[in-house]
Amino acid sequence: APDAVTPLAGPLPLDLRLDEETRRLASALALTVGRYEGAAAVRVAVPVPARDRPPYALGALDGYAVFAADLSPGRTVADLSATEPVAPAEGEEPPLSELVAGDGIGPATLPTDPGALPVPAHQVQRVRQQLMTSPPDTPLSLLNPLSEAESAEQRAFGAPLDAPASPPRIDDAFAAQADARPDAPALTAGSTTLSYAELDRRAEVLADGLYAHGVRPGDLVGLCLPRSTDLVAAMLAVLKADAVHVPLDPEHPVDRRERTARDAGVRLTVEDPAALTGHPPRPAASRGEPGSPAYVIHTSGSTGRPKGVLVPHANVTALVDAVREDFGLSTDDTWTCFHSAAFDFSVWEIWGALLTGGRLVVVDHWTTRSPEDFHALLVRERVSVLSQTPSAFTQLAAADRVAPEAVGARLVVLGGEPLDARPLLDWFDRHPEDRCRLVNMYGITETTVHVTAATVTRREALAGSRSVGRPLPGWSVRVLDAHGSPVPPGAPGEIVVGGAGVALGYLNRPALTAERFVPDPLDPAGRRLYRSGDLGRLLPDGTLEHLGRIDDQVKVRGFRIEPGEIRHVLLEDPAVSAAAVTVSGGNGDDAAAVRIDAYVVPAPGSDEDPGPVRERAARLLPAHMVPATVTVLSALPLTANGKLDPARLPAPGTRRDPVTAQASPHAASPAAALAAVWCDVLGVEAIGPDDDFWDLGGNSLYAIRIGTLARERGLPGIPLRQLYLTPTLGALSEALALEA
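The sequence shown begins at 276 in my numbering and counts up one residue at a time.
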C-alpha cells in the first residue's frame, strides 16, 4: 500500500474547509496509528463531512481527507494540531486507515501490517479527548491511548511474578547436589564419567591451583579449553575460588581470543589444567554474595569491540529454579552440553543439569557438526533434555526421521534465534506431544539466557506461530515505545526485560551499561530494566511475539552479530580505506542461507585483490562472522546526506568464480557426482578441482548438507573434519578415493 510509514517530503495543502472536530479526529487517529505502527511519520485518511467537501472530485479518495502527520520526538500537541491535509499519493485507494463514516468511529486497520490487530476505536476517542484538554506545549509522547484498565494490564504483565527467594551461589547449589548424591553420575565426556563427588574434588584441586597462581576473589580467569570434563571442572573451580570465568572458544582465531582476554583484563588463562594440580589447599575464606559476578560472556559489539556481559551467580540459580517444576527437571534427567562455552546457551545446559542432580554429557566439537553422529550420541546416552538452536535442530530432526531408532528426549528447548515451527511437523509424527515437549524460549545474554517460554504443539506449528510465550517466574517483559511508554496491545515496540535475570552490566563499559540498563520507573526498589533492542508485541492472549530488531544487529546460527564490528575489523586493514557490510538471505527454515557480504574500497596504492582482505578478517573474527564474499568498489554509494546507500550497492561478488570449472559437473563419475553435490548446496553452476569450499561461501550448516546429500546419492559419508583438512574439491575427492 502507498501509505508507507516513511517521512513525507513537500506536503501539498488542499483547499478543504475542515471543521475543528475533523482535524482533531485526524490528529487523534494519526497519533494512535503511529503508536501501533511504531512510526515517526504516518498517513491517515478521515471522512470529510459532505458540507466541507470541495466542489471538485478527490479522485480515488472522494469523501476522505489525507493527513501526513509528523510524530517524531519533540513534537507537541500544537505541532500536531497544525497538520494540514495533503494531496493523496498517486494510486492511493481509501481507506489508508479505515474508519466507519458517520458520527461514530470504527476500528482502524493498519494497511502496512496486514497481520496487525485493529486499532480499537475507544483508543482513538481517548486520544481525541486528550487533545481537547491538553495545553498546546504538551509533548505527544505524554498522550496515552490506553485506558486505565489497559495500562494496569500492561503493568501487571511487566511485573515479575513468583520471584525465587534468595537464590544461592552456583557453587553452593552444586555442593548441595554433591552432598545429597555423591556417587551419582554428574559428567560424561567420551568414555569418561565423573560422579558428583569426583567432579567436586577435581574442581577443588583446580581451585587450589588457581590460588597458587595468584587468583584472588573477583579476578577474571580465561578458560580456553576443549569441550571436556576439564572444561566444566575448571568453570566450577573458578567459582569456588570466588573468581569470574571468561570462556575463550579454542575454535576462534588466536587473535580474537587474545583481544577478548585483553578487553576483559584476565589475570590468567587456563589452557592446560594439569598446570593447576599439585598445589597445597588454599586458605579458607569467606566468599562473595550470590549477587557477585560468576562469568563474563562476550557478544558482538557495533564499535568493533566485543561487549563482555557480567552475570552474577544468583541469576543462574534463579533461572534453574524458575523452570524446575514446569519442566519437570529431576535427578533422572540426562542433558547434553552441545554449545560452545562462549555461547550463553551452554550456561543453561551445564547448570540446568548439575543444579538439578542430572547427568551432563559434553558433546565434542566434531560431533556437534554431524547430525548423524549427534543423533547416535543422543540415542546411546539416552538423553532426556536437549537444547538446540532451531537451525541445528532442523538438521537433527532430518537425521532422526531416517534413523532406525528415534531420539528419546522428553524435553527439547529451542532458543538462540527465531523459530519457524512449520518444518517441525514431521518431528511430531515420530515424537507425539505427550512424550516429547517442545519449548520455544526467547532470551538474551544480558538477561541470563532465557526470558520467556512457549510450548510448541502441532497446532502452533501448522499455524506458523511466532509467539515466544510468557515471562518465566521472576522475569518481566514490557513492550515500550521510543519514549519509554507502554505501547497498546498488538502494537510493535522495544522488548524491555526486568526481574531476576538482568545482568550487572557490560564489563568496563559504564556508558554503554547506563544506556542499555535503565532504572525501572515502576519499581520502588529501583531495580533495573534491560533495553533489548528487539522488536515485539503483546498478543491478545497475553503472550509475546518477537518481530526482529530495531537496529541492524542480526543472528547467524544463534550468534548475535553486529555488522559494525565486522566493518571495524575490515577498516583496520591498511589496504582498505572504506568498507560496508550487509547481511541477507535466510529465514526460519533455511538459516544456512544467511549471508554476510563485505564491500571494500582499496587504499591508494593497494592491491585490488579481495582475497587477502578476507583472509585477514578470518584471522580476527570467528567463523560465523567472516564475510562470505568481499567485493571491491572504487567508492561506496552515498546518499545526499553522505551516508551509505545500501540500495545502490551492487550484488555481492557471487561466491568467487570457480577456478577451473568443469564443463559438466553432473557427469556420471563419483568425483563429478561430488561436484554436483557442491553445486547444488552452494548454488553455483560449476565447480573446479581447485575450488575451496569455504571460499565459495560454505559454512558449517552447508557442510552438513554436503555430507547428507552425498550419502543420499550413494557417495561415501563426508565427516565435517575432512572438509577442514581437504577443503578443495580435488583434495576431498582424492581423500575419499573417488574416481574421476
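We put the CB at the ideal spot given by N, CA and C, even for glycine.
Original post:
Which stretch, first to last residue, makes up the alpha helix (DSSP H) that contains Gln828?
Top reply: Membership of Gln828 in any alpha helix (DSSP H) is not indicated, and neither H nor E is assigned to it by DSSP.
Original post:
Cβ of Leu1007 less than 9 angstroms from any chain D Cβ?
Top reply: Protein chains in the displayed structure number just one, and chain D is not present.
Original post:
Any idea if Glu564 is buried or exposed, counting beta-carbon neighbours within 10 angstroms, 16 or more meaning buried?
Top reply: Exposed, since its Cβ has fewer than 16 Cβ neighbours within 10 Å.
Original post:
What is the rounded straight-line gap between the Cα of Leu585 and the Cα of Val591?
Top reply: So the two alpha carbons sit approximately 12 angstroms from each other.
Subject >> Alpha-carbon spacing of Glu533 relative to Ala778, whole angstroms >> reply: Rounded to the nearest angstrom, the two C-alpha atoms are 24 angstroms apart.
Subject >> Among Val519, Phe834, Arg806 and Ala898, nearest to Thr664 - alpha-carbon criterion >> reply: Checked all of Val519, Phe834, Arg806 and Ala898; the closest Cα to Thr664 is Phe834.
Original post:
What three-state label does DSSP hand Ala508 in the structure shown?
Top reply: If DSSP states are grouped into helix, strand and coil, Ala508 belongs with the helices.
Original post:
To the nearest angstrom, how far is it from the Cα of Gly982 to the Cα of Asp530?
Top reply: Approximately 31 angstroms between the Cα atoms of the pair.
**OP:** Assign Tyr805 to one of two classes, buried (16 or more other C-beta atoms within 10 Å of its C-beta) or exposed (fewer than that).
**Re:** By the Cβ neighbour-count rule, Tyr805 is buried, with 16 or more other Cβ atoms within 10 Å of its own.
Original post:
To the nearest angstrom, how far is it from the Cα of Ser1008 to the Cα of Ile962?
Top reply: If I take the Cα positions, the gap works out to 12 angstroms.
Subject >> Residue nearest to Arg980 in terms of C-alpha spacing, selected from Ala678, Ala892 and Glu647 >> reply: Comparing Cα positions, the closest option is Glu647.
Subject >> Span of the alpha helix (DSSP H), counted from its first residue to its last, around Thr669 >> reply: Pro665 to Val677 is the extent of the alpha helix (DSSP H) around Thr669.
Subject >> Coil, strand or helix - Ser807 by DSSP >> reply: When secondary structure is reduced to three states using DSSP, Ser807 falls in the strand class.
Original post:
Roughly how far, in whole angstroms, is the beta-carbon of Pro457 from the beta-carbon of Cys499, given that I think they are within contact range, below 8 angstroms?
Top reply: Rounded, the Cβ-Cβ distance is 30 angstroms, inconsistent with contact.
Subject >> Those runs of the alpha helix (DSSP H) which lie wholly inside the segment 760 to 821 and span at least 4 residues >> reply: Complete alpha helix (DSSP H) runs here, min 4: 785 to 791.
Subject >> Cα-Cα separation, His706 to Ser666 >> reply: The straight-line gap from Cα to Cα measures roughly 19 angstroms.
Original post:
Around the Cβ of Gln404, are there at least 16 other Cβ atoms within 10 angstroms (buried) or fewer (exposed)?
Top reply: Only exposed fits Gln404, as fewer than 16 other CB atoms lie within 10 angstroms of its CB.
**OP:** Would you kindly work out how many angstroms separate the C-alpha atoms of Gly381 and Glu790, rounded to a whole number?
**Re:** Interpretation of Gly381 is limited by its pLDDT of 44, a score under 50 that renders its predicted location unreliable; no figure is taken from the coordinates.
**OP:** Express the C-alpha separation of Ala1010 and Thr1001 in angstroms, rounding to a whole number.
**Re:** So the alpha carbons of these two residues sit roughly 8 angstroms apart.
**OP:** Tell me, please, which residues DSSP counts as bridged to Pro568.
**Re:** Looking at the DSSP output, Pro568 bridges to Pro587.
Subject >> Per DSSP, cross-strand counterpart(s) of Thr720 >> reply: Looking at the DSSP assignment, Thr720 forms no beta bridge with any residue, so it has no partner.
**OP:** Determine the direct distance from the alpha carbon of Pro556 to that of Glu692, and round the result to whole angstroms.
**Re:** Their Cα atoms are separated by approximately 44 angstroms.
Subject >> Which residues DSSP lists as bridging Arg745, in chain order >> reply: DSSP, once it has assigned bridges, lists Ala728 as partnering Arg745.
Original post:
Does the Cβ of Ser575 have 16 or more other Cβ atoms within 10 Å, making it buried, or fewer, making it exposed?
Top reply: Flag for Ser575 reads buried.
Original post:
Any idea what DSSP makes of Pro555, helix, strand or coil?
Top reply: Three-state result, Pro555: coil.
Original post:
For the alpha helix (DSSP H) that contains Ser356, what are its first and last residues?
Top reply: Residues Val352 to Ser356.
**OP:** Specify whether the segment 624 to 631 and the segment 484 to 497 touch according to this definition: at least 3 beta carbon pairs, one from each stretch, less than 8 angstroms apart.
**Re:** As far as the Cβ criterion goes, the segment 624 to 631 does not touch the segment 484 to 497, which means the pair count is below three.
Original post:
Under a three-way DSSP split, which group does Ala560 fall into?
Top reply: In the structure shown, Ala560 adopts coil according to DSSP, grouped into three states.
Original post:
From what residue to what residue does the alpha helix (DSSP H) around Cys954 run?
Top reply: Segment Pro945 to Leu957, the alpha helix (DSSP H) holding Cys954.
Original post:
According to DSSP, which residues form a beta bridge with Ile871?
Top reply: Ile871 pairs with Val858.
Original post:
What is the residue span of the beta strand (DSSP E) that Thr535 lies within?
Top reply: In the DSSP assignment, Thr535 falls outside any beta strand (DSSP E) and lies within the alpha helix (DSSP H) extending over Val529 to Ala539.
Original post:
Cβ atoms of Val752 and Pro761: under 9 angstroms apart, would you say?
Top reply: One thing to note: Pro761 has its Cβ no nearer than 9 angstroms to the Cβ of Val752.
Subject >> C-alpha gap between Leu912 and Val858, whole angstroms >> reply: According to the sequence shown, residue 912 is Pro rather than Leu. So the two alpha carbons sit approximately 17 angstroms from each other.
Original post:
beta strand (DSSP E) containing Val754: first to last residue?
Top reply: Segment Trp750 to Leu755, the beta strand (DSSP E) holding Val754.
**OP:** Answer with buried or exposed for Leu481, where buried requires no fewer than 16 other C-beta atoms within 10 angstroms of its C-beta.
**Re:** It counts as buried.
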